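Novice: Start counting the sequence shown at 24; every next residue gets the next number (the working numbering). Idealized CB from N, CA, C, for every residue including glycine. Only a predicted model underlies this, so the values are computations on that prediction, with no experimental measurement involved. Here it is, the structure in full.
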Amino acid sequence: METNQPGQARAIHPGQTCAVARDIIIEGRVAYAVGERVVVEAVVPDAQRPQYKYVTLSRALQKRFALSDADIVSLEAVPAQAAPAQPQASAPLTQNWKAWTLAAGLAALAIIVVVTGIVMFHGGATTSKATGAVVCLDPGHGGNDTGALENGVAEKDVNLDIALRTKGLLEAKGYRVVMTRVSDQAVSLAQRCAIANSSHAAVLVSIHNNARPPDVQGTTTYYCSGSEDGAQLAGDVQRNVVAKISRPDRGTRESHLYMVRNVSMPSALLEGVFLSNKEEAWLITDVGFRTKIAEGTAAGIEDYIRAAGAAKTQP
Ligand SMILES: [Zn+2]
């Protein structure tokens with residue numbers, strides 16, 4: 024495959040839509056998530072470096088930032104036939120999206136290989152060092168999609184809060200965390216799965232809260248029907264969350280939910296508590312309670328990854 028030399032004839036132009044090649048952490052948050060499409064607002068050539076910098080607006084932070092060649096890949100620069108080998112999840116994503124994800128991933132890899140040396144030499148961009156396994160967290164809903172709206176609580180808000188707390192706990196232990204969203208934004212299920220699948224995460228955990236009927240309470244964790252690893256992960260998350268928040272244990276369940284069905288790694292979908300239940304809705308407005316859900320989720324993920332690692336190193 025032709026490698027794309029940064030800053031040469033294929034330079035990216037203002038107004039062009041590009042894809043972010045890897046998570047860009049700025050000010051301690053994911054400013055740009057891998058796979059996110061960005062519109063280049065200005066191209067700023069740097070006399071010190073042969074490559075260009077591309078300036079765009081981070082949707083997550085609502086600020087303008089410069090990205091380098093190592094950070095973004097032009098969709099137009101993606102070679103059409105560069106879609107070999109990698110086994111993909113048998114996802115009913117649209118063919119276009121699937122092909123784009125694959126091609127963008129491969130092109131991104133090529134560009135990163137070419138540019139990483141230059142970037143590191145100049146000490147320019149953030150070179151995020153993975154100290155542990157990668158975990159993908161998916162805060163359910165967002166933007167126009169509020170999720171459950173019960174007892175004055177919007178599910179999208181508490182899901183995001185719990186996910187961000189889980190992220191902090193995991194990062195403190197050396198895991199690298201990829202988020203499908205970090206703010207109140209609409210992200211389609213297909214996009215979420217594409218982010219997870221291109222993140223090379225060891226696991227995906229989707230964070231939700233339940234609703235209806237109002238007399239029902241407690242915690243449930245779903246996993247993809249037939250997935251042994253998924254069942255294990257869901258069991259670890261469920262056990263730890265229930266231990267932390269002491270709500271009724273509704274157990275783990277097989278499911279055909281989109282998020283657990285269309286990702287290539289073991290996955291689980293937590294339904295923390297029932298927002299339609301007055302007591303549980305009241306509980307979740309408390310930051311301490313949301314922190315406990317996050318602690319349980321992080322502990323469950325850790326239990327699973329530790330056990331999976333141990334199984335791998337067995338003779
Ligand atoms: Zn939900």
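Evaluate SER81 with the Cβ neighbour count: other Cβ atoms within 10 Å of its Cβ, from every protein chain shown; 16 or more gives buried, anything less gives exposed.
Specialist: Burial call: buried.
Novice: Would you call the CB atoms of VAL228 and ILE324 closer than 8 Å?
Specialist: Yes.
Novice: Report all residues from its chain with a CB closer than 7 Å to the CB of LEU188; omit the five preceding and five following residues, and keep chain order.
Specialist: In the sequence on display, residue 188 carries Arg and not Leu. Once the five neighbours on either side are set aside, the close Cβ partners of ARG188 are ARG313, THR314, ALA317.
Novice: So within the segment 212-252, which uninterrupted beta strand (DSSP E) runs reach at least 3 residues, ignoring any that extend past its ends?
Specialist: The qualifying runs are 226-233, 242-247.
Novice: If we count the other Cβ atoms within 10 Å of its Cβ and call it buried at 16 or more, is LYS76 buried or exposed?
Specialist: Under this definition LYS76 is a buried residue.
Novice: Starting from GLU64, trace the alpha helix (DSSP H) in both directions and tell me its first and last residue.
Specialist: First-last for GLU64: undefined, no H or E at that position.
Novice: Straight-line CA distance for LYS301 to PRO236?
Specialist: Their Cα atoms are separated by approximately 11 Å.
Novice: Please list, in chain order, all residues of the same chain as VAL53 whose beta carbon is under 8 Å from its beta carbon, the five residues on each side excluded.
Specialist: Cβ within range, chain order: ASP46, ILE47, ALA83, VAL201, MET202, VAL205.
Novice: Beta carbon of HIS231: closer than 7 Å to some heavy atom of ligand 1?
Specialist: Result yes, Cβ under 7 Å from ligand 1.
Novice: Would GLU173 and SER299 qualify as a contact pair, given that the criterion is a beta-carbon distance under 8 Å?
Specialist: The answer is yes: Cβ separation under 8 Å.
Novice: In this structure, how does DSSP classify LEU90 when only helix, strand and coil are distinguished?
Specialist: It is a strand residue.
Novice: Checking the sheet assignment: what are the DSSP bridge partners for PHE297?
Specialist: According to DSSP, PHE297 bridges with ASN233.
Novice: Need the endpoints of the alpha helix (DSSP H) that ALA44 sits in, please.
Specialist: From DSSP, ALA44 is part of no alpha helix (DSSP H); its letter is neither H nor E.
Novice: Between THR242, LEU212, TYR198, which has its C-alpha nearest GLY155's C-alpha?
Specialist: Of the listed residues, the one whose Cα sits closest to GLY155 is TYR198.
Novice: Look at the alpha carbon of VAL62 and the alpha carbon of SER221, and state the distance between them as a whole number of angstroms.
Specialist: In a straight line, the C-alpha of VAL62 is about 20 Å away from that of SER221.
Novice: If I follow the unbroken beta strand (DSSP E) through ASP272, where does it start and stop?
Specialist: Taken as a continuous stretch (DSSP letters only), the beta strand (DSSP E) holding ASP272 covers 272-278.
Novice: By the DSSP assignment, the alpha helix (DSSP H) with LEU22 in it spans what residues?
Specialist: What is shown of the chain runs 24 to 338, which leaves residue 22 out entirely.
Novice: Looking at ligand 1, does it come within less than 7 Å of GLU173, judged from the CB to the closest heavy atom?
Specialist: Outside the cutoff, so no.
Novice: Given 7 Å as the limit, tell me if GLU194 has its C-beta closer than that to any heavy atom belonging to ligand 1.
Specialist: Checking every heavy atom of ligand 1 against the Cβ of GLU194, none is found closer than 7 Å.
Novice: CYS216: which of ALA257, SER250, VAL57 sits nearest, CA to CA?
Specialist: Checked all of ALA257, SER250, VAL57; the closest Cα to CYS216 is VAL57.
Novice: With MET202 as the anchor, note down where its beta strand (DSSP E) starts and where it stops.
Specialist: From DSSP, the beta strand (DSSP E) with MET202 extends over 199-202.
Novice: Alpha carbon to alpha carbon, how far is LEU192 from ALA321? Give it in angstroms, no decimals.
Specialist: Between ALA321 and LEU192, the C-alpha separation is close to 7 Å.
Novice: Report the rounded CA-to-CA distance for ASN285 versus ASN182, giving the unit in angstroms.
Specialist: For ASN285 and ASN182, the distance between alpha carbons rounds to 20 Å.
Novice: Per DSSP, TYR77 is paired with what?
Specialist: Per DSSP, VAL66, LEU90.
Novice: Could you have a look at ALA334 and say whether DSSP puts it in helix, strand or coil?
Specialist: Reduced to three states, the DSSP call for ALA334 is helix.
Novice: Please confirm if the segment 303-312 is in contact with the segment 244-260, defined as three or more CB-CB distances below 8 Å between the two stretches.
Specialist: No contact exists between the segment 303-312 and the segment 244-260.
Novice: How long is the line joining the alpha carbons of TYR246 and ALA42, rounded to whole angstroms?
Specialist: About 30 Å.
Novice: Between THR169, GLY274, ASN263, which has its C-alpha nearest THR244's C-alpha?
Specialist: Checking every option, the nearest Cα to that of THR244 belongs to GLY274.
Novice: With respect to 7 Å, is the separation between the Cβ of GLU59 and the closest non-hydrogen atom of ligand 1 below this value?
Specialist: Result no, Cβ not under 7 Å from ligand 1.
Novice: What is the rounded straight-line gap between the Cα of PRO37 and the Cα of PRO289?
Specialist: Distance between the alpha carbons of PRO37 and PRO289: 39 Å.
Novice: Using DSSP's beta-bridge definition, name the partner residues of GLU173.
Specialist: Note: GLU173 sits in a beta bridge opposite VAL176.
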